[in-house]
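K.L.:
Here you go, one structure.
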Amino acid sequence: MTSPRLNSIVKLFETCRYKHDLYTVFGDWCECSAISMSNAVDQANFEKREARYVEIARKYGSETMAIFSKIFGEVVMALEEKPQDILGMTFHALELHNKARGQFFTPYPICQLMARIIAGSAEDMQQAIAKRGFMLAQEPAVGSGAMIVALAEAILEAGFNYQQLLHVTAVDIDPRAVHMAYIQFSLLHIPATVIVGDSLAMRFREEWHTMAHVMGGWSAKLRHAR
141 MTSPRLNSIV KLFETCRYKH DLYTVFGDWC ECSAISMSNA VDQANFEKRE ARYVEIARKY
201 GSETMAIFSK IFGEVVMALE EKPQDILGMT FHALELHNKA RGQFFTPYPI CQLMARIIAG
261 SAEDMQQAIA KRGFMLAQEP AVGSGAMIVA LAEAILEAGF NYQQLLHVTA VDIDPRAVHM
321 AYIQFSLLHI PATVIVGDSL AMRFREEWHT MAHVMGGWSA KLRHAR
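With this note's numbering, you'll find the sequence shown wraps up at 366, consecutive numbering, no jumps.
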């Protein structure tokens with residue numbers, strides 16, 4: 141499934157192909173974009189992440205970093221238009237998925253169907269909210285975040301404000317996937333903590349809190365709900 145916005149994003153990434161490996165470019169764009177949003181709200185990790193941002197920027201130079209900014213603008217507008225897995229679609233449109241890397245993202249329409257089944261009816265959601273004041277979602281292998289985006293969309297369609305009534309804890313072993321999910325959750329203002337780690341081995345090493353998580357005081361809410 142293509143769209144004018146997706147085509148614009150793909151074309152901008154393609155302009156970087158001649159100087160750099162596109163798989164690396166995509167990953168670096170995701171990391172830079174995630175850092176730029178994290179550093180607005182996470183002072184504890186600011187210095188370390190800012191140093192990493194500068195390291196990446198030096199590798200590419202001002203011309204490519206300007207393209208990175210344009211890509212970010214297109215992604216912002218895509219998610220303003222509607223909830224969607226724009227980064228997962230971009231990853232596939234650029235043909236970066238392959239069996240060697242083992243990275244495939246579930247098509248968004250399938251995620252929408254699954255999310256509606258998981259979320260249940262408006263009455264089911266109301267009962268979940270009544271128990272603790274909000275809903276919780278956990279995703280042990282978040283990928284690009286499509287399943288959570290679809291869940292937020294289903295909650296919104298049922299008449300509830302996911303920005304106030306949903307909190308997400310999501311994990312992925314691949315930092316690139318964590319950055320993709322974090323970007324999309326942040327731009328959709330989904331309260332979430334996205335973690336780099338291994339859900340099976342229960343080893344976690346890096347947390348990314350969305351602005352909605354920080355501004356909504358979710359750390360305190362979650363402590364009180366335990």
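We treat Cβ as the ideally placed atom computed from N, Cα and C, and that holds for glycine.
Predicted, not measured: the structure shown is a model, and the values here were computed from it.
Please list the terminal residues of the continuous beta strand (DSSP E) segment that includes Met275.
P.N.:
Counted from its first residue, the sequence shown places residue 275 at position 135. First-last of the beta strand (DSSP E) with Met275: 275-279.
K.L.:
Beta carbon of Cys172, beta carbon of Phe231: below 9 Å?
P.N.:
Here residue 172 corresponds to residue number 32 of the sequence shown, with the count starting at 1. Here residue 231 corresponds to residue number 91 of the sequence shown, with the count starting at 1. Cβ distance not < 9 Å, so Cys172 and Phe231 don't count as in contact.
K.L.:
Hey, would you say His364 sits closer than 9 Å to Pro331, going by beta carbons?
P.N.:
Counting from one through the sequence shown, the residue named residue 364 turns up at place 224. Counting from one through the sequence shown, the residue named residue 331 turns up at place 191. It is not a contact, given that the beta carbons lie outside the stated cut-off.
K.L.:
On the premise that Ala292 lies in contact with Ala262, defined as a C-beta separation below 8 Å, what is that separation, rounded to the nearest angstrom?
P.N.:
Residue 262 sits at position 122 when you count from the first residue of the sequence shown. Residue 292 sits at position 152 when you count from the first residue of the sequence shown. Actually they do not touch by this definition, with Cβ atoms about 15 Å apart.
K.L.:
Go through its chain and collect everything with a Cβ distance to Ser143's Cβ below 6 Å, but skip five positions before and after it.
P.N.:
The residue labelled residue 143 in the question sits at position 3 within the sequence shown. Here the set comprises nothing.
K.L.:
Can you give me the Cβ contacts of Ser178 inside the same chain, cut-off strictly under 7 Å, excluding the 5 residues immediately before and after it?
P.N.:
Your numbering for residue 178 matches position 38 in the sequence shown. Hits under 7 Å: Asn185, Arg189, Trp348.
K.L.:
Sort Arg343, Thr246, Ser339, Val215 by Cα distance to Cys170 and report the nearest one.
P.N.:
Along the sequence shown, one-based indexing puts residue 170 at 30. Looking at the Cα atoms, Val215 is the closest of the given residues.
K.L.:
Taking DSSP as the reference, what is the three-state secondary structure of Phe344?
P.N.:
Within the sequence shown, numbered from 1, the residue matching residue 344 stands at position 204. Three-state result, Phe344: strand.
K.L.:
Short of 6 Å in beta carbon distance, which residues of its chain neighbour Asp168, apart from the five on each side in sequence? Order them along the chain.
P.N.:
Position 28 of the sequence shown, counted from the first residue, corresponds to residue 168. Ile196.
K.L.:
Excluding the five sequence neighbours on either side, which residues of its own chain have a C-beta within less than 6 Å of the C-beta of Met320, listed in chain order?
P.N.:
Here the question's residue 320 lines up with position 180 in the sequence shown. So the qualifying residues of the chain are Cys170, Leu227, Ser284.
K.L.:
To which residues of the same chain is Ala174 closer than 6 Å at the C-beta, ignoring the five residues directly before and after it?
P.N.:
For this step, residue 174 is matched to residue 34 along the sequence shown. Result list for Ala174: His319, Tyr322, Ile323, in chain order.
K.L.:
Could you check which residue in Val311, Asp182, Lys210 has the C-alpha nearest to that of Ile288?
P.N.:
The residue given as residue 288 occupies position 148 in the sequence shown. Among Val311, Asp182, Lys210, the Cα nearest to that of Ile288 belongs to Val311.
K.L.:
Any idea what DSSP makes of Ala310, helix, strand or coil?
P.N.:
Residue mapping note: residue 310 aligns to position 170 of the sequence shown, counting from 1. Here Ala310 sits in strand by DSSP.
K.L.:
Cutting at 8 Å between CB atoms, please list the residues of its own chain near His160, excluding the five before and the five after it.
P.N.:
On the sequence shown, residue 160 is found 20 positions in, with the first residue counted as 1. Contacts found: Tyr200, Thr204.
K.L.:
Under the assumption that Leu234 contacts Leu162 (Cβ atoms under 8 Å), give the Cβ distance between them as a whole number of angstroms.
P.N.:
The sequence position of residue 234 within the sequence shown is 94, counting from 1. The sequence position of residue 162 within the sequence shown is 22, counting from 1. So it is a contact: roughly 6 Å between Cβ atoms.
K.L.:
Does the distance from the C-beta atom of Ala290 to that of Cys251 stay below 9 Å?
P.N.:
One-based indexing of the sequence shown puts residue 290 at position 150. One-based indexing of the sequence shown puts residue 251 at position 111. Yes, these two residues count as a Cβ contact at 9 Å.
K.L.:
Output the distance between the C-alpha atoms of Met217 and Ser326, rounded to the nearest integer angstrom.
P.N.:
To locate residue 217, count along the sequence shown from 1; it is residue 77. To locate residue 326, count along the sequence shown from 1; it is residue 186. Whole-angstrom Cα-Cα distance: 13 Å.
K.L.:
What does the alpha-carbon distance come out to for the pair Gly260 and Met229?
P.N.:
Here residue 260 corresponds to residue number 120 of the sequence shown, with the count starting at 1. Here residue 229 corresponds to residue number 89 of the sequence shown, with the count starting at 1. So the two alpha carbons sit approximately 26 Å from each other.
K.L.:
Between Arg145, Ser176, Thr164, Ile149, which lies nearest to Thr350 when the distance is taken from Cα to Cα?
P.N.:
Here residue 350 corresponds to residue number 210 of the sequence shown, with the count starting at 1. Nearest of Arg145, Ser176, Thr164, Ile149 to Thr350, Cα basis: Ser176.
K.L.:
Going by beta carbon distance, what residues of the same chain come within less than 7 Å of Asn147, once the five residues before and after it are set aside?
P.N.:
Position 7 of the sequence shown holds residue 147. Correct list: empty, nothing qualifies.
K.L.:
Pick out the complete alpha helix (DSSP H) segments inside the region 213-255, 4 residues or longer, and give them in chain order.
P.N.:
Runs found: 226-233.
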